[in-house]
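Comments concern the structure below.
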Amino acid sequence: MGELTGRTVLVTGAGRGIGRAEALYLAAGGANVVVNDPGVQIDGGGGDAGIAAAVVDEIRTRGGRAVADTGSVTDWAAARRMVELAVAEFGDLHAVVNNAAIEINKGLERLTEAEFDDVVAVKLKGTFAVSRWAAAYWRDRRDEGVRTDRAIVNTASGSGLLNPLPTQTNYAAANAAVAAVTTVHALELRRLGVRVNCVSPSMVRTRLTSSVPGMRQAPPDAEPDLQDPRRVAPLVAYLVSEACPLTGQVLSVRGGAIAVNQGWARGAEVNKDGNLWTIPELAAELTALPLDDPFERLTAALDGALGVQGRDRLEAMINAELDGR
Ligand SMILES: NC(=O)c1ccc[n+]([C@@H]2O[C@H](COP(=O)([O-])OP(=O)(O)OC[C@H]3O[C@@H](n4cnc5c(N)ncnc54)[C@H](O)[C@@H]3O)[C@@H](O)[C@H]2O)c1
610 MGELTGRTVL VTGAGRGIGR AEALYLAAGG ANVVVNDPGV QIDGGGGDAG
660 IAAAVVDEIR TRGGRAVADT GSVTDWAAAR RMVELAVAEF GDLHAVVNNA
710 AIEINKGLER LTEAEFDDVV AVKLKGTFAV SRWAAAYWRD RRDEGVRTDR
760 AIVNTASGSG LLNPLPTQTN YAAANAAVAA VTTVHALELR RLGVRVNCVS
810 PSMVRTRLTS SVPGMRQAPP DAEPDLQDPR RVAPLVAYLV SEACPLTGQV
860 LSVRGGAIAV NQGWARGAEV NKDGNLWTIP ELAAELTALP LDDPFERLTA
910 ALDGALGVQG RDRLEAMINA ELDGR
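Heads up: the sequence shown at position 150 corresponds to 759 in the working numbering, and the numbers run straight through without jumps.
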């Protein structure tokens, strides 16, 4: 018996990359897995039903239990059908792992309305839609007197939390919003016995990161592979497991490190109490505060990981990236 025997978990975007590794790991731990993935391209175009089916075949070949679903998380009715499929196939749904994402990276002045909407739809609306139908199902079960641990695991990104990146207006906005709804849903759903957490992977080798500086080929077998997509899976499995008490947490994963994210924190303050500020007063007082410079912050973050040296070098890289396209 695995640690997850008897749990049924729906993983969105489970056909490739991190989601695929999660589905395989969950199934190896004994979970019944709904492998959702329409098999689209990085930008959301196209589709291939064989992508989800291949993961299901892999799980079944190893003796696990899985079923494929090829609906899009952006489709309201399809999101409902994913939940219904889990219940029809395995008798219940214990957890949802919202993992699906696409990327269309462009500088703000070139980003189209559709490119903004499409990326936000998969990450943010998709997380909402699947969690919404799962929560409605869980509420009905609770009303019938069924008491059992349930869980949602959302997926955010450092681009949205600690280090929003240039060219990612759509992706960063959606990922930041996913962290916010993690808190909202943790607060709302505890009464239904549902825990809600979020993982934020970083520098994992998938098609999304193939052009990111610092990504490497898989090392020889004897060496630890810090960028392996399987790095995220044990944490997700723990978060959906019945014994896990965590809720409302946003946890960054990079290599072997898991860090608690603490979100926006209130910094230094000026205060005129009941009086209105004037513009000259603000000019004097706000510029005297210890302000966080976004270029310095990103330089510090990338320096360790990617060897970006210095704020000026970073700014030159951003300008070259945006004007070179
Ligand atoms: N790779 C990293 O280093 C990294 C870093 C930060 C965050 N993430 C997050 O991890 C998650 C997985 O990313 P990945 O790197 O494995 O990407 P990936 O492209 O390898 O896999 C994403 C999967 O989502 C599927 N998908 C796309 N649109 C969908 C839709 N509408 N409905 C259902 N499925 C859909 C795709 O077909 C694809 O198989 C994403 O949420 C991503 O934002 C990844």
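C-beta: ideal position from N, C-alpha, C; glycine also.
| Asked | Found |
| --- | --- |
| Count the other CB atoms, across all protein chains shown, that sit within 10 Å of the CB of A897; report buried if there are 16 or more and exposed otherwise. | exposed |
| Please go through the region 720-783 and give each complete beta strand (DSSP E) segment of 3 or more residues, from N-terminal end onward. | 759-764 |
| Please give me, in chain order, every unbroken run of the beta strand (DSSP E) with length at least 3 that falls completely inside the region 629-713. | 641-645, 674-678, 704-706 |
| Are the Cβ atoms of T818 and R625 separated by less than 9 Å? | no |
| For A687 and P903, what's the separation of their Cα atoms in angstroms? | 39 Å |
| For L619, does the three-state DSSP call read helix, strand or coil? | strand |
| Using 8 Å as the threshold, is the region 873-883 in touch with the region 818-827, meaning 3 or more CB pairs across them? | no |
| Please indicate yes or no: does the CB of S768 lie closer than 8 Å to some heavy atom of ligand 3? | With respect to ligand 3, the structure offers nothing, as its ligand set consists of ligand 1. |
| Which term fits S861, buried or exposed, when burial requires 16 or more other beta carbons within 10 angstroms of its beta carbon? | buried |
| What does a CB cutoff of less than 6 Å around G954 pick up in its chain, not counting 5 residues either side in sequence? | The requested residue 954 does not occur in the structure, where the chain is confined to residues 610 to 934. |
| Determine the closest residue to Q793 out of V805, G659, D752, with distance taken between C-alpha atoms. | It is Val, not Gln, that sits at residue 793 in the sequence shown. Here the closest residue by C-alpha is V805. |
| Let me know the beta strand (DSSP E) ranges lying completely inside the region 852-877, each 3 residues or longer, listed in chain order. | 859-863, 866-869 |
| Does DSSP put R799 in a helix, in a strand, or in coil? | helix |
| Assuming the contact rule is C-beta atoms closer than 8 Å, T736 and N779 should be a hit. Round their C-beta distance to whole Å, please. | Rounded, the Cβ-Cβ distance is 14 Å, inconsistent with contact. |
| For P810, does the three-state DSSP call read helix, strand or coil? | strand |
| Evaluate contact between the region 653-664 and the region 841-855, counting only Cβ atoms and requiring at least three cross-stretch pairs below 8 Å. | no |
| Mind reading off the beta-carbon distance from L931 to G673? Whole number of angstroms is fine, and I expect it under 8 Å. | About 45 Å separates the two Cβ atoms, so there is no contact after all. |
| T790 by DSSP, collapsed to three states: which one? | Going by the sequence as given, residue 790 is Val instead of Thr. V790 falls in the helix class under three-state DSSP. |
| Can you tell me which of the three DSSP states R839 falls into? | helix |
| Is it buried or exposed, T617, if we count other Cβ atoms within 10 angstroms and call 16 or more buried? | buried |
| Below 6 Å CB to CB, which residues in the same chain sit around A632 once its five sequence neighbours on both sides are set aside? | V620, A623, V642, V644, V664 |
| Assuming contact is defined by CB atoms lying nearer than 9 Å, are V676 and L733 in contact in what I supplied? | no |
| Do C807 and V762 have their C-beta atoms within less than 9 Å of each other? | yes |
| So, at 6 Å on beta carbons, what are the nonlocal neighbours of D678 in its own chain, with the 5 sequence-adjacent residues on each side left out? | V643, N645, M691, L694 |
| So is T721 buried or exposed if we call it buried at 16+ other beta carbons inside 10 Å? | exposed |
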